[in-house]
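Structure first, then comments.
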């Protein structure tokens, strides 16, 4: 017999630990490689648990692939490990800086 107010009697919904979920429990779609490129990233950084990291250029990746899922296909060239995370490399600057807007804002403030 199920006690009132304790939630559903079935097993809990299994969630993917590589995804985010909203308050209603719906999966939030992660950023894609194309989305990272459009927002000014230089490429995708992959980092191993041994702290070795590498930059993957966008040309080697599928545009519709999720940034977090890039790590699933990688193996560390230093230690051979597979405990790898992936994220956009923002060291190239944000989109507004790449378009020259930061330079315009700086020159206007000195007038």
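Numbering (the UniProt record's numbering), first residue to last: 1 to 111. For each residue, glycine too, the CB sits at the ideal point set by N, CA and C. From a predicted model like this one, the values you see are computed outputs, not experimental measurements.
As DSSP reads the structure, residue 24 sits in no beta bridge. For residue 36, the uninterrupted alpha helix (DSSP H) run begins and ends at 33-38, by DSSP. Taking the C-beta atoms as reference points, residue 49 is found nearer than 8 Å to residue 83. Annotated three-state conformation of residue 29 is coil, per DSSP.
If you ignore the 5 residues before and after residue 81, its C-beta comes within less than 7 Å of the C-beta of 48, 49 and 50, all in its own chain and listed in chain order.
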